[in-house]
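First the structure, in the form of structure tokens, and then the observations on it.
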Amino acid sequence: MHVELFRTRTSDGLFLCGQLMLPNETMQPTLPVDAFLLVHGTASNFYAGGVLQTFAEQAVAAGAAVLRVNTRGHDQMAAIPSERGSVAGGAAYECIAECCFDVTAWVESLVARGFSRIALVGHSMGAVKAIFSQARAAHPSVRCIIGISPPRFSHERLASGIGGDEFREDFRRACELVDDGRGSELISVRYPLPLMLTADGFLAKYGPHDDYDIVRHLPDVACPTLIVLGTGSVAASSAFAGLPEEIERLAAEHSSLALELVEGANTVYSTCEEVPFMRAAAWLVSHGA
-14 MHVELFRTRT SDGLFLCGQL MLPNETMQPT LPVDAFLLVH GTASNFYAGG VLQTFAEQAV
46 AAGAAVLRVN TRGHDQMAAI PSERGSVAGG AAYECIAECC FDVTAWVESL VARGFSRIAL
106 VGHSMGAVKA IFSQARAAHP SVRCIIGISP PRFSHERLAS GIGGDEFRED FRRACELVDD
166 GRGSELISVR YPLPLMLTAD GFLAKYGPHD DYDIVRHLPD VACPTLIVLG TGSVAASSAF
226 AGLPEEIERL AAEHSSLALE LVEGANTVYS TCEEVPFMRA AAWLVSHGA
């Protein structure tokens, strides 16, 4: 396996880093895609261990190239280099809608290297970004999406479900800061994920407008899409509660959408990190994406 560091420039002038993993030249590919583009979750990065690292190793072993990338939301806080000097980034400061710039830049980088059949893979928030980006700014070289544990950003469900008291209290505090003209201040929130981010950012992510609810965006995704969910996550978090039923409802209306449930798995697949790739590979072969 050959590994190299990779860098891309987004159309709005940011520079992001990633890691390209290439199979040995003698390997015969076994999947109907030639590259996987892997997008990390909240406050993570391209070199983190866990389910995406395992996925990457399995994909390379199957004869495909893998590009693990940073988005502008990598790590908790980050200084993102740009043409205008460094700008504030990381999960604390990112605007989720700007993921379209990041995903498009990384896809174009793979295309420039000769890859034309790309599987866009995201974990957790990365899966939300994969779906959102292809609903809003689809790229023809993205042949399919594999969303591993994408949470649902539904204000009503979060406010009324498990952890709802903490969510409503944090949301009220963020609203007060924004109303006072202090939306850029950082606040520590507890649910659905312990995180520090700006009050503006919290309202943008979790407000009643539900701008990043994948159930709203999946019908606008044209390419084949597989959603992988752990039943442990569904039972433990209102960000996943009811989501399998919503995906199944959409899949009945859109034949390009499929759902795989992993029994007992949590959001990070801590006891079964190899399963998401195994399910995805079987789906790819059967679907011919």
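Sequential numbering from -14 applies to the sequence shown in this note's numbering.
Glycine residues also receive a C-beta, built at the ideal position from the N, C-alpha and C atoms.
Since we're looking at a predicted model, the values are computed, not measured.
Which of helix, strand or coil DSSP assigns to residue i
i, result
"E294", "With the chain covering only -14 through 274, there is no way to say anything about residue 294."
"C160", "helix"
"E233", "helix"
"L228", "helix"
"I275", "What is shown of the chain runs -14 to 274, which leaves residue 275 out entirely."
"L178", "coil"
"A49", "coil"
"V18", "coil"
"V206", "coil"
"V253", "coil"
"D150", "helix"
"A189", "helix"
"T11", "coil"
DSSP bridge partner residues for residue i (one or two, in chain order)
i, result
"G3", "F(-9), V54"
"T183", "L171"
"H108", "I133"
"V213", "I133, E245"
"S118", "Its beta-bridge partners do not exist; DSSP assigns none."
"G70", "E68"
"L23", "R53, V106"
"A275", "This structure cannot settle anything about residue 275, because the visible part of the chain is limited to -14 through 274."
"V92", "The partner list for V92 (beta bridge, DSSP) is empty, contrary to what the question assumes."
"V127", "I103"
Residue i versus the options, residue with shortest Cα-Cα distance
i, options, result
"A184", "G149, D165, V200", "D165"
"A90", "L228, G(-2), E245", "G(-2)"
"V88", "L228, V24, C129", "V24"
"A266", "S(-4), Q13, V18", "V18"
"N9", "G58, V45, L246, G75", "V45"
"I199", "I81, F86, E(-11)", "I81"
"A237", "A64, P204, A28", "P204"
"F275", "L7, F(-9), S(-4)", "Only positions -14 to 274 of the chain appear in this structure, which leaves residue 275 out of reach."
"Q38", "R53, P135, V163, K114", "R53"
"S145", "S223, E245, S(-4), G35", "S223"
For residue j and residue i, the rounded distance between their alpha carbons
i, j, result
"G197", "T11", "Per the sequence shown, residue 197 should be read as Tyr rather than Gly. Going by the C-alpha atoms only, they are around 42 Å apart."
"S71", "L188", "25 Å"
"E79", "R98", "28 Å"
"E230", "S67", "42 Å"
"V(-12)", "H108", "22 Å"
"R121", "C85", "8 Å"
"V270", "R57", "32 Å"
"V247", "A226", "15 Å"
"T216", "A112", "17 Å"
"R158", "G168", "11 Å"
"R175", "H124", "35 Å"
"A243", "I232", "8 Å"
"G74", "H59", "7 Å"
"C257", "M263", "10 Å"
"F21", "E161", "42 Å"
"M62", "L171", "11 Å"
"V51", "A250", "24 Å"
"L1", "A28", "15 Å"
"W268", "C129", "11 Å"
"K190", "L228", "18 Å"
"E154", "I212", "31 Å"
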